[in-house]
Amino acid sequence: MSNSQLAGIRVIDLSQFLPGPYAGQICADMGADVLKVEPPDGDPMRQLNPVTNQRGPAPFHKIINAGKRVVRIDLKSVDGKSAFRQLLSKADILLESYRPGVMERLGLGFEDLRQLNPRLIHCALSGYGQSGPLRARSGHDVNYMAMSGSLNVTGPAPRPQPAFPPVADYAGAMQAVISILAALLGRSSSGTGCYLDIAMADTMLAWQSFGLTQQGLSQSDATPAPKRAGNLLNGGAACYQVYATADDMFVALGAIETHFWENFCNAVDRQPWIVRHTDPLPQTDLIAEVSDLFLTRTRDQWDQSLGDIDCCYHPVLDYGELPEWPQIQARQLLDFDAESGDFQGVRLPVWQDGRPPSTRQPMREITQHDALAAWL
Numbered sequence: 001m002s003n004s005q006l007a008g009i010r011v012i013d014l015s016q017f018l019p020g021p022y023a024g025q026i027c028a029d030m031g032a033d034v035l036k037v038e039p040p041d042g043d044p045m046r047q048l049n050p051v052t053n054q055r056g057p058a059p060f061h062k063i064i065n066a067g068k069r070v071v072r073i074d075l076k077s078v079d080g081k082s083a084f085r086q087l088l089s090k091a092d093i094l095l096e097s098y099r100p101g102v103m104e105r106l107g108l109g110f111e112d113l114r115q116l117n118p119r120l121i122h123c124a125l126s127g128y129g130q131s132g133p134l135r136a137r138s139g140h141d142v143n144y145m146a147m148s149g150s151l152n153v154t155g156p157a158p159r160p161q162p163a164f165p166p167v168a169d170y171a172g173a174m175q176a177v178i179s180i181l182a183a184l185l186g187r188s189s190s191g192t193g194c195y196l197d198i199a200m201a202d203t204m205l206a207w208q209s210f211g212l213t214q215q216g217l218s219q220s221d222a223t224p225a226p227k228r229a230g231n232l233l234n235g236g237a238a239c240y241q242v243y244a245t246a247d248d249m250f251v252a253l254g255a256i257e258t259h260f261w262e263n264f265c266n267a268v269d270r271q272p273w274i275v276r277h278t279d280p281l282p283q284t285d286l287i288a289e290v291s292d293l294f295l296t297r298t299r300d301q302w303d304q305s306l307g308d309i310d311c312c313y314h315p316v317l318d319y320g321e322l323p324e325w326p327q328i329q330a331r332q333l334l335d336f337d338a339e340s341g342d343f344q345g346v347r348l349p350v351w352q353d354g355r356p357p358s359t360r361q362p363m364r365e366i367t368q369h370d371a372l373a374a375w376l
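All letters in the sequence shown, in the order written, are residues 1 to 376 by this note's numbering.
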């Protein structure tokens, strides 16, 4: 990918942790000039590794901010606020993730910034949004999933289970980018910027069409309400399930459509299972029978038997297997340091005109003086 779609667009990334920085990275991947502004002590992500929950220098901070320049500015100081406003006067996009009210207390609310730069697109990416009774409440991914209803139907039957990676964080970031791109297109005709209020909780709610549709049907007819491990797409169906193998590994079966299920049943010589495809959910007995079958072979043996069968089958990989997996190698998305072998990041997952995405440049730290000199 040429990475030039947003060439000439200047983005100030004032966000912290994961959602905002990921949105900023996507903009950088598309060619934007992204300047990440951090407080004097740095983004808290520098000292918190969300993968291991250990304190100390976090490699994830460098990975999620690759492709950007990073500058530290004290927005509470007169000099820092003046420098920041100068940068904003030349920016196309401001991306921030503060709780509602913080930007106003800093004298950087949308109305203030509209006067400074009428063309500025201000994207406020927060947990619960700029309005409503929870607008000022703290939260993380698991909280936004909890409010959306999705957490209640995620995981095994006894109790909900947090998802990994943090779905709401990544979903909110992508919603922010989609909205920013639309705002840029709108600005090309209107000539003015806008204020985008993006809430991660809202984004998760927007993903609940399946569950809410079923909930609505359950109130009007005999359709059961959504529940953990009891629906088609969350573990209630034999055809859409994760099964353990003889070597304590796992395979994923996604044979939702009738012809895929038939292909699977024929491949494993279990033709009587074909007509049970539409058994009432949850299909506890059928799931148990299929589970017993998968326990008779190792994952690699099942891969040899089912890998070429058109039945929506795939082995469950762990992260260590990804670099050598042929399909992943073919798509050229993973970057590793040529000398150390250290993981450097996942490229923007877009091929353009038959070309793979480009490798990102490492995160580069600059001074406040350098940032002003580059943009003014």
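Beta carbons are placed, not taken as given, at the ideal position from N, Cα and C, and that holds for glycine.
Straight-line CA distance for residue i to residue j?
i, j, result
"Leu317", "Gln241", "15 Å"
"Ile178", "Thr203", "12 Å"
"Leu185", "Leu233", "36 Å"
"Met1", "Pro357", "Confidence at Met1 is low in this model, with a pLDDT of 48, below 50, so its placement is unreliable and no value can be given for it."
"Leu6", "Gly31", "5 Å"
"Arg85", "Leu372", "10 Å"
"Tyr183", "Met147", "The amino acid occupying residue 183 in the given sequence is Ala; Tyr does not appear at that position. Their Cα atoms are separated by approximately 28 Å."
"Leu348", "Asp337", "17 Å"
"Tyr319", "Gly235", "23 Å"
"Ala252", "Gln361", "36 Å"
"Leu151", "Gly20", "22 Å"
"Val70", "Gln214", "46 Å"
"Cys27", "Ile274", "48 Å"
"His314", "Gln327", "12 Å"
"Asn231", "Gly211", "9 Å"
"Glu339", "Pro323", "16 Å"
"Val350", "Ser4", "13 Å"
"Pro226", "Asp370", "55 Å"
"Asp92", "Ser131", "25 Å"
"Gly42", "Trp261", "53 Å"
Put residue i into one of helix, strand or coil per three-state DSSP.
i, result
"Met1", "With a pLDDT of 48 at Met1, under the threshold of 50, the predicted position of this residue should be treated as unreliable, though the coordinate-derived value follows. Three-state DSSP puts Met1 in coil, outside helix and strand."
"Ala288", "helix"
"Ser97", "coil"
"Tyr313", "strand"
"Ser126", "strand"
"Glu365", "strand"
"Ile121", "strand"
"Leu334", "strand"
"Arg72", "strand"
"Gly172", "helix"
"Arg276", "helix"
"Phe110", "helix"
"Val377", "Residue 377 lies beyond the stretch modelled for the chain, which goes from 1 to 376, so this question has no answer here."
"Ala267", "helix"
"Asp197", "strand"
"Gln329", "helix"
"Gln86", "helix"
"Leu376", "coil"
"Arg187", "helix"
"Gln283", "coil"
"Leu295", "coil"
"Arg46", "helix"
"Gln115", "helix"
"Arg159", "coil"
"Arg105", "helix"
"Gln208", "coil"
Ordered along the chain, which non-local residues of its own chain (more than five positions away) have a Cβ less than 6 Å from that of residue i?
i, result
"Phe17", "Met45"
"Gln175", "Ile198 and Thr203"
"Asp13", "Gly24, Val34, Lys36 and Leu95"
"Gly254", "Tyr240 and Cys312"
"Val142", "Pro162"
"Pro160", "Leu151, Asn152 and Thr154"
"Phe166", "The displayed chain sequence assigns Pro, not Phe, to residue 166. If we look at Pro166 and ignore the five residues flanking it on each side, its Cβ neighbours are Asp141."
Who are the near neighbours of residue i in its chain, counting only those whose CB is closer than 8 Å to its CB and skipping five residues on each side?
i, result
"Arg276", "Ala238, Gln283 and Leu286"
"Gly80", "Ile73, Asp74 and Gln368"
"Ala83", "Ile73, Gln368, Ala371 and Leu372"
Only counting the same chain, and skipping five residues up and downstream in sequence, which positions put a Cβ closer than 7 Å to that of residue i?
i, result
"Thr192", "Pro118 and Arg119"
"Leu88", "Ile12, Leu94, Leu113, Leu116, Asn117 and Leu120"
"Gly345", "Ile63, Ala66, Asp335 and Arg360"
"Phe343", "Phe336"
"Leu306", "Ala267 and Tyr313"
"Ser220", "none"
Check your understanding: If we count Cβ pairs, one from each stretch, closer than 8 Å, do we get three or more for the stretch 196-215 versus the stretch 267-279?
Key -> no
Practice item. Tell me, please, whether the stretch 298-307 touches the stretch 244-260 by the rule of three or more beta-carbon pairs shorter than 8 Å. Key: At 8 Å Cβ cutoff, the stretches touch.
Check your understanding: Would you say the stretch 128-140 touches the stretch 105-118, given that touching needs at least three Cβ pairs under 8 Å?
Key -> no
Check your understanding: Is the stretch 157-171 in contact with the stretch 91-105, if contact means three or more CB pairs nearer than 8 Å?
Key -> no
**Study point:** Ordered list of beta strand (DSSP E) runs contained in the stretch 211-255, each at least 3 residues
**Key:** 240-244 and 250-254
Exercise for review: Entirely within the stretch 2-43 and at least 4 residues each: give me those alpha helix (DSSP H) ranges in chain order.
Suggested key: 19-29
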